[in-house]
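Worksheet: one structure, shown below.
Residue numbers (the working numbering): -10 to 306.
Below is the structure:
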C-alpha cells in the first residue's frame, strides 16, 4: 500500500459534502454550528438548507443542549465545532443532556490533535477522545481519510444514539478505495507482519503505513491494524492479532493517556501478556507551530515512528 502525498484532500470538505447529500435524502437531518461553519464546512449544508441550519454563535453549551432538544423531537442533529470546544467546553451538556438520556445527537468535531498547528495549545484537543470514550452510551470514531469520513457520516445518520466523530484540520491522502465499507464492530487489518503489531487511526494511519515500509528495510515486519472505532473497541481482533507478535505499538495524534493506547492496554492487560508501547503526545500540552514541524517534534512522522519502534523492538529482543 503506497501513500501519494502529492494528492491530499480536505477531510472537512468531505464532511460538508456528505451532510448535503444526506440532507437531500432525509429531511429530519439538522445541522448546528458554533460560529465556525466555514472552518468545519457545515456552511455547505447551511447554504443548501438554511431552514435546517442553526448557527448558535460562540455558545457551545447552548448548541449541545439545543441539539439534545431537537433529538427529543426525532430530528437527527449533527453538531460541529473544534474538538477542543466540542468536548471540553460542553462536557456537562454532553454528559447529562445527550449521553444520559441517550439522545440521537452526532457530535462531529474538527481540528483534533496537534495538527491544529499555529493556533497552539489552547485549541489543540489532546484529551477529547479520552473525555468522550469515558461516557456511557457514547460511540467514538476517528476516520483516517475522506472516503472513510463519508462512510462514517452516512453510518451516523442511521445509527441510533450519541456519537463523537473526530476529524483533522489537515488535508489527508487517500488510503481507501471507492469500495470501502465502514464496519462499526470490525477493525481493518491493512498489512500482515510477524514482528510488531501497530494499531492506529485518523491522520496518523498514513504515517504508520510509510513507517512500516521503513521498518521493512531494517528487517522488521510490521502488521498494521486500523482502528477507527475507539468505542466500542474491536477487542477480538486486538487479542487475536497480538498473539502473532506479542508486541503491540499504538500510534495516535492524542494524549497517550485515555485514548486509543489506553483502550488497547485495557483489553490486553486482562487477556494477554503482549507488551504495549504507546506513541502519541505524552502528559503535556501542545504548542504553536507548523503542522509538519509539530508532527516531527512529537515523534509522529513516519521516520520518527520507525526510529522509535525499531529502538524499542531491539531493546526487547
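Don't be surprised by glycine CBs; every beta carbon is placed ideally from N, CA and C.
Given the structure is predicted, the values throughout are model-derived calculations rather than measurements.
- Between residue 236 and residue 286, the beta carbon gap of about 26 Å keeps them out of contact (Cβ cut-off 8 Å).
- The stretch 77 to 92 makes no contact with the stretch 201 to 210; the number of CB pairs closer than 8 Å stays below 3.
- Using a Cβ distance threshold of 7 Å, residue 19 and residue 59 count as a contacting pair.
- Put simply, the stretch 100 to 107 does not touch the stretch 133 to 150. Fewer than three CB pairs are less than 8 Å apart.
- If you draw a 10 Å sphere on the C-beta of residue 171, you find 16 or more other C-beta atoms in it, and that means buried.
- Between residue 228 and residue 251, the C-beta spacing is not below 7 Å.
- Residue 245 is not a Cβ neighbour of residue 278, given a cutoff of 7 Å.
- Under the criterion of beta carbons closer than 8 Å, residue 4 and residue 97 qualify as touching, at roughly 6 Å.
- Around the beta carbon of residue -8, 16 or more other beta carbons sit within 10 angstroms, so the residue counts as buried.
- Ranked by Cα distance from residue 137, the first of 201, 17, 215, 150 is 215.
- Per DSSP, residue 121 is not a residue of any beta strand (DSSP E); the alpha helix (DSSP H) it occupies stretches across 117 to 122.
- The three-state secondary structure of residue -10, taken from DSSP, is coil.
- Within the same chain, Cβ atoms closer than 6 Å to the Cβ of residue 75 are found at 96, 98, the five residues on either side in sequence being excluded.
- Nearest in C-alpha terms to residue 91, of all of 61, 139, 17, is 61.
- Each residue's CA atom was taken as its position, placing residue 266 and residue 180 some 19 Å apart.
- When beta bridges are read from the DSSP output, residue 248 appears opposite no residue.
- By the Cβ neighbour-count rule, residue 22 is buried, with 16 or more other Cβ atoms within 10 Å of its own.
- Within 10 angstroms of the beta-carbon of residue 276 lie fewer than 16 other beta-carbons, which makes it exposed.
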